[in-house]
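Student:
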Amino acid sequence: MTDQSPVTSMDAKPATLPDAQTVTHVQHWTDRLFSFRVTRPASLRFRSGEFVMIGLLGDNGKPLLRAYSIASPAWDDELEFYSIKVPDGPLTSKLQHIEVGDQIILRPKPVGTLVLDALLPGKRLWFFATGTGIAPYASLMRDPDTYERYDEVIMMHTCRDVAELEYGRQLVDNTKGDEVLAELFGEGFADKLKYYPTTTREKSPNMGRITDNLTSGKAFADLGIDGINPETDRGMVCGSLAFNTDMKAVLEGFGLVEGANSDPKHYVVEKAFVGDGI
Ligand code: FAD
Ligand code: A2P
């Protein structure tokens, strides 16, 4: 798409919508996953971990919007998103074809529960994600505020296949090597961020569902950690409804209590997508 009109759908209907942003980068990771960056409205303020509504014009000329976690940190000049490609999905069947220079709609009203303010102070912060649920952590992981508040951050990410982990793997690698973070938190900064990726359907060094690896104690043994307890540990959960429900039971089993923006506690949860019929 090279049409320069403010916002276009794939059939390139021009429109003059106020919330248009320009695509600056697109990267395809698998046939189901891609990431992209867009210009950031100068007035947009958000807390790392929040989501916004983004989209394209639908065939009827009306905005077709969906919730998307902002994957870039609050300090970034641009906005990054990490997206699924749903073959018949109203938005992503079109969005997956965007190219640099195209425009998307972005409603600048960020909200969400996966924010540091929704948690009580603690020592160790756990990020639990399946699939595209890693997007809010791509933001939080790169935010110095995360490491101001916690001594240690553990990113647990589970996907079916190794290829689906690649965006997260590069993200963690780049964050560990980030010069600004190293300058702020010292040479040992890379050790503050731990990464525990697993697959469930393709063989890889670490396998199994996050829930199983926590309840069996395997993840703790591999990470050299005693366990999760409400005195020291805080958690954020982002995945399918089934994953979120199961994770809530696991974390409550460790004695953690769910918090919210208005009532900070030990862990918070957000859906990575709304499933069929839900
Ligand atoms: P839809 O009609 O919206 O969805 C069709 C079906 O595809 C759904 O019923 C579900 O079964 C499946 N599906 C939708 N999204 C996903 C997904 N992410 N992973 C696996 N299966 C999915 N999506 C992202 O790709 N990245 C994000 O950062 C992101 N953040 C979200 C944050 C929130 C708070 C919520 C509620 C949803 C988020 N989503 C995200 C999902 C997103 O809003 C859309 O559902 C998705 O882009 C597909 O849109 P669609 O119109 O093509 O299909
Ligand atoms: P599994 O392969 O055992 O179903 P999906 O691609 O279906 O969205 O799943 C992403 C990852 O989340 C998969 O590795 C999947 O494991 C895992 N997963 C799905 N449901 C749950 C759940 N209820 N608890 C823990 N992990 C789950």
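Numbering of the sequence shown is given in our numbering, commencing with residue 143 and proceeding in unit increments.
Ideal Cβ placement from N, Cα and C applies to all residues, glycine included.
Taking 6 Å as the limit between beta carbons, can you name the residues of its chain near Ala323, skipping five residues before and five after?
Tutor: As a position in the sequence shown, residue 323 is number 181, starting the count at 1. Note on identity: in this sequence residue 323 is Leu, with Ala being the wrong assignment. Closer than 6 Å at the Cβ level, and outside the excluded window around Leu323, lie Phe331.
Student: Between the alpha carbons of Thr341 and Gly395, how many angstroms are there, rounded?
Tutor: In the sequence shown, the residue the question calls residue 341 occupies position 199. In the sequence shown, the residue the question calls residue 395 occupies position 253. Roughly 24 Å between the two C-alpha positions.
Student: Can you give me the Cβ contacts of Asp399 inside the same chain, cut-off strictly under 8 Å, excluding the 5 residues immediately before and after it?
Tutor: For this step, residue 399 is matched to residue 257 along the sequence shown. It is Val, not Asp, that sits at residue 399 in the sequence shown. For Val399, where only same-chain residues beyond five positions count, the Cβ hits under 8 Å are Pro372, Lys407, His408 and Tyr409.
Student: Could you check the C-alpha separation between Phe176 and Ser346 for me, to the nearest Å?
Tutor: Stepping through the sequence shown from its first residue, residue 176 is reached at position 34. Stepping through the sequence shown from its first residue, residue 346 is reached at position 204. Spanning the two alpha carbons is a distance of roughly 22 Å.
Student: Within its chain, find whatever has a CB closer than 6 Å to the CB of Met298; leave out the 5 residues flanking it on each side and keep chain order.
Tutor: For this step, residue 298 is matched to residue 156 along the sequence shown. Once the five neighbours on either side are set aside, the close Cβ partners of Met298 are Phe270, Tyr338 and Ile352.
Student: Tell me whether Lys360 sits in a helix, a strand or coil according to DSSP, three-state version.
Tutor: Taking the sequence shown and counting its residues from 1, the one referred to as residue 360 is at position 218. Of the three classes helix, strand and coil, the one that applies to Lys360 here is helix, per DSSP.
Student: Using DSSP with H/G/I as helix, E/B as strand and the rest coil, what is Asp405?
Tutor: As a position in the sequence shown, residue 405 is number 263, starting the count at 1. Asp405 falls in the strand class under three-state DSSP.
Student: Inspect the beta-carbon positions of Ala414 and Thr255 and report whether they are closer than 7 Å.
Tutor: Translated into positions along the sequence shown, residue 414 becomes position 272. Translated into positions along the sequence shown, residue 255 becomes position 113. No, the Cβ-Cβ distance between Ala414 and Thr255 is not below 7 Å.
Student: Since Phe193 contacts Ser211 with CB under 8 Å, what's their CB separation in whole angstroms?
Tutor: The residue labelled residue 193 in the question sits at position 51 within the sequence shown. The residue labelled residue 211 in the question sits at position 69 within the sequence shown. Between Ser211 and Phe193 the Cβ distance is about 5 Å, and since that is below 8 Å, they are a contact.
Student: The alpha helix (DSSP H) with Met389 in it runs from where to where?
Tutor: As a working mapping, residue 389 is identified with position 247 in the sequence shown. Start and end: Leu383 to Gly395.
Student: Within 6 Å: the Cβ of Arg208 and any heavy atom of the ligand FAD?
Tutor: On the sequence shown, residue 208 is found 66 positions in, with the first residue counted as 1. Result yes, Cβ under 6 Å from the ligand FAD.
Student: Strictly closer than 6 Å from CB to any heavy atom of the ligand A2P: give me those residues in the order they appear in the chain.
Tutor: Those satisfying the condition are, in chain order, Thr272, Gly273, Thr300, Cys301, Arg302, Thr342, Arg343, Arg351, Ile352, Thr353, Ser382, Ala384, Phe385 and Asp388.
Student: Exposed or buried, which one is Trp421 when buried takes at least 16 other CB atoms within 10 Å?
Tutor: Residue 421 lies beyond the residue range present for the chain, which begins at 143 and ends at 420; the question has no answer from this structure.
Student: Considering Gln238, what are the terminal residues of the beta strand (DSSP E) in which it resides?
Tutor: For the purposes of this step, residue 238 is taken as the residue at position 96 of the sequence shown. First-last for Gln238: undefined, no H or E at that position.
Student: Using 8 Å as the Cβ pair cut-off and three pairs as the minimum, do the segment 235–247 and the segment 167–175 touch?
Tutor: Segments in contact, yes.
Student: Report the rounded CA-to-CA distance for Val411 versus Glu325, giving the unit in angstroms.
Tutor: In the sequence shown, counting from the first residue as 1, residue 411 sits at position 269. In the sequence shown, counting from the first residue as 1, residue 325 sits at position 183. Whole-angstrom Cα-Cα distance: 31 Å.
Student: Using beta-carbon positions only, say whether Asp315 and Ile247 come within less than 7 Å of one another.
Tutor: Looking up residue 315 in the sequence shown gives position 173. Looking up residue 247 in the sequence shown gives position 105. No, Cβ-Cβ distance for Asp315 and Ile247 is not below 7 Å.
Student: For a test of the three-state rule: what should DSSP assign to Ala209, helix, strand or coil?
Tutor: The sequence position of residue 209 within the sequence shown is 67, counting from 1. Strand.
Student: Three or more C-beta pairs closer than 8 Å, one from the segment 217–229 and one from the segment 174–191: is that the case here?
Tutor: Yes, the segment 217–229 touches the segment 174–191.
Student: Relative to the ligand FAD, is the shortest distance from any of its heavy atoms to the C-beta of Ala414 smaller than 6 Å?
Tutor: Looking up residue 414 in the sequence shown gives position 272. Indeed, a heavy atom of the ligand FAD lies less than 6 Å from the Cβ.
Student: What are the boundary residues of the alpha helix (DSSP H) that includes Lys265?
Tutor: Against the sequence shown, residue 265 aligns to sequence position 123. From DSSP, Lys265 is part of no alpha helix (DSSP H); its letter is neither H nor E.
Student: Could you check where the alpha helix (DSSP H) with Ser177 kicks off and where it finishes?
Tutor: Along the sequence shown, read from residue 1 onward, the residue named residue 177 stands at position 35. No alpha helix (DSSP H) contains Ser177, which is instead part of the beta strand (DSSP E) from Leu175 to Thr181.
Student: CB-CB under 6 Å to Ala277, same chain, minus the five flanking residues each way: which ones, in chain order?
Tutor: What you label residue 277 is simply residue 135 of the sequence shown in a count that begins at 1. The answer, listed in chain order, is Ser211, Ala213 and Tyr224.
Student: From Lys336 to Asn202, what distance separates their C-alpha atoms?
Tutor: As a position in the sequence shown, residue 336 is number 194, starting the count at 1. As a position in the sequence shown, residue 202 is number 60, starting the count at 1. Approximately 46 Å, taken between the alpha carbons.
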